[in-house]
Structures are given as C-alpha cells and as structure tokens.
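A short write-up of the structure that comes next.
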Amino acid sequence: GNSVTQMEGPVTLSEEAFLTINCTYTATGYPSLFWYVQYPGEGLQLLLKATKADDKGSNKGFEATYRKETTSFHLEKGSVQVSDSAVYFCALSDNAGGTSYGKLTFGQGTILTVHP
Amino acid sequence: GAGVSQTPSNKVTEKGKYVELRCDPISGHTALYWYRQSLGQGPEFLIYFQGTGAADDSGLPNDRFFAVRPEGSVSTLKIQRTERGDSAVYLCASSSNTGSSEAFFGQGTRLTVV
Numbered sequence: 089g090n091s092v093t094q095m096e097g098p099v100t101l102s103e104e105a106f107l108t109i110n111c112t113y114t115a116t117g118y119p120s121l122f123w124y125v126q127y128p129g130e131g132l133q134l135l136l137k138a139t140k141a142d143d144k145g146s147n148k149g150f151e152a153t154y155r156k157e158t159t160s161f162h163l164e165k166g167s168v169q170v171s172d173s174a175v176y177f178c179a180l181s182d183n184a185g186g187t188s189y190g191k192l193t194f195g196q197g198t199i200l201t202v203h204p
Numbered sequence: 325g326a327g328v329s330q331t332p333s334n335k336v337t338e339k340g341k342y343v344e345l346r347c348d349p350i351s352g353h354t355a356l357y358w359y360r361q362s363l364g365q366g367p368e369f370l371i372y373f374q375g376t377g378a379a380d381d382s383g384l385p386n387d388r389f390f391a392v393r394p395e396g397s398v399s400t401l402k403i404q405r406t407e408r409g410d411s412a413v414y415l416c417a418s419s420s421n422t423g424s425s426e427a428f429f430g431q432g433t434r435l436t437v438v
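So the protein sequences, as listed, match chains A and B. For our numbering, add 88 to where a residue sits in the first sequence, where the first one is 1. For our numbering, add 324 to where a residue sits in the second sequence, where the first one is 1.
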C-alpha cells in the first residue's frame, strides 16, 4: 500500500535559518505529492503540490521538488520566520479511481518552531 | 459558508455511547472526505463521498462506523458503541470535483471517549 515517511521531529530553528523537512514515499504508479500545513488553531491548508516527476511546487517561499528516482519530496525554505511555526504534513494521492487529490495518505507530521 | 464547517468542535462521550459528527462542506463541492487523526499522527482516510453515494469506504475501521450524505451536501459520521480507542480528531474535507481540485479541510471535531 501507499505510505509516507517524514523526518522525525520536532524541528526548532532561529528566525532566518534554512529549513529542510525530509519526506519519502512508497506508492504504485505515479502519485501526486503535497505539503499541507496546520497553523495553531486552524485547519489543514494546502501549502504546495507537484503532480509529476521533476515538478517543483512552491508557495510562500517554500519549495519542494518531486524526485521519482529517490521517491522523495523534501520541503525547503531559505529563511524561516516566526510565523512559519506550524505542523507540516507530507502527503500523496495515488490518483486511482478518480479520487485524486482528496483521498490522501499522510505522513505523521513535523512540528516546526521558529524562535525570534 | 466560506469554508468547511464541522460541529461540534469538541465532543466528550462515555464508552458505549453513540455519537454523530457533522460536516458542512463548501457550497457546491461534490466530493467530501472524512479522516481521523490520532494524537501525534497524520490524518488517516476513512470514507469518500461523490454526491450522495459513498464511493470509497475502505478506510472505515469496522462496522461501528458509518457515514451518510443524503442530499449530497451535509454529511454525518456516526459511531456506535464508542470505545476509548475512537478518541481522535475527526476531519472533514471537500473539493469541487475528483479530477484536479484541492481538498479544503475543516478544523475538525475532537472526540474524547471516557
């Protein structure tokens, strides 16, 4: 079956530090890949996505590249801010049966805390 | 409404009781999903509706769990004979179609079984 593995957390950084959160996946076929973010007190929000190999998703200074050869989709940001403190989830959709982007397999989440 | 609305936001129930959790999707969204998120884990898929019908219920853990969407809009997740292991945050998401639309999540219902 499908699975997503995220790096062990939590991650604590100082403002303006470089961020990497690792994500690897196992899936049949050609899944779509996502990063979701959950800010304190809010629901899950889509941060970025990539639908095929070598695609780069980007949003709010965050980037992730779909690497089929390493089955990875690592999240990066060059300079984090305090407001980036949240829980980040890597996820995939195997695009099977027409359910596409709504039926997702999630990683366990990584808590990011950014200090001033 | 502006987003996916879930009620109640918190529910405490006694072991063995029956509970209903409600989801109001974004108006016009035909696809609706339920997920369960245990503490420290990512959400796990439970069931997917396309319109009124359950297109995929492969994630429902057992027959104590059931969900309906009778008019293709509001959905109710029903849990019978609750157990302490059912304690989790239950998330609902909706999207406008199954092909290429982003799924929008509600804030969830935190269920605690005591």
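Every residue gets a Cβ at the ideal spot worked out from N, C-alpha and C, and that includes glycine. All of these numbers come straight from a predicted model, not from anything done at the bench.
Query, Result
"DSSP bridge partner residues for B/Asp344 (one or two, in chain order)", "Asp is not the amino acid found at residue 344 of chain B; the sequence shown has Glu there. B/Glu344 is bridged to B/Lys402."
"Unbroken beta strand (DSSP E) run spanning A/Ala174, endpoints", "174 to 181"
"Option in A/Ser120, A/Pro128, A/Thr116, A/Gln94 with minimal Cα separation from A/Thr201", "A/Pro128"
"Residues near A/Phe122 in its chain [Cβ-Cβ closer than 6 Å; skip 5 each side]", "Lys137, Ala179"
"Cross-chain neighbours of A/Leu134 in chain B, by beta carbon under 7 Å", "Glu426"
"Neighbour list for B/Gly430 in chain A, Cβ cutoff strictly below 7 Å", "Gly131"
"Beta-carbon spacing of B/Ser411, B/Leu384 below 8 Å", "no"
"Proximity winner among B/Gln404, B/Leu370, B/Gln374, relative to B/Glu395 (alpha-carbon distances)", "B/Gln374"
"Three-state secondary structure assigned by DSSP to B/Asp410", "helix"
"Pair within 8 Å by beta-carbon distance, A/Glu103 and A/Val168", "yes"
"Beta bridge counterpart(s) of A/Leu164 as assigned by DSSP", "A quick correction: the sequence has Glu, not Leu, at residue 164 of chain A. According to DSSP, which records beta bridges pairwise, A/Glu164 is partnered with A/Thr108, A/Glu151."
"Three or more C-beta pairs below 8 Å linking the region 341 to 350 of chain B and the region 398 to 413 of chain B", "yes"
"Spatial distance of B/Lys402 from A/Pro204 (CA atoms)", "44 Å"
"Interface positions of the region 347 to 360 of chain B facing chain A (Cβ-Cβ less than 9 Å), listed along the chain", "Ala355, Leu356, Tyr357, Tyr359"
"DSSP-derived helix/strand/coil call for A/Val170", "helix"
"Beta-carbon spacing of A/Gln133, B/Gly366 below 8 Å", "no"
"C-beta atoms of A/Val92 and A/Phe194 nearer than 8 Å", "yes"
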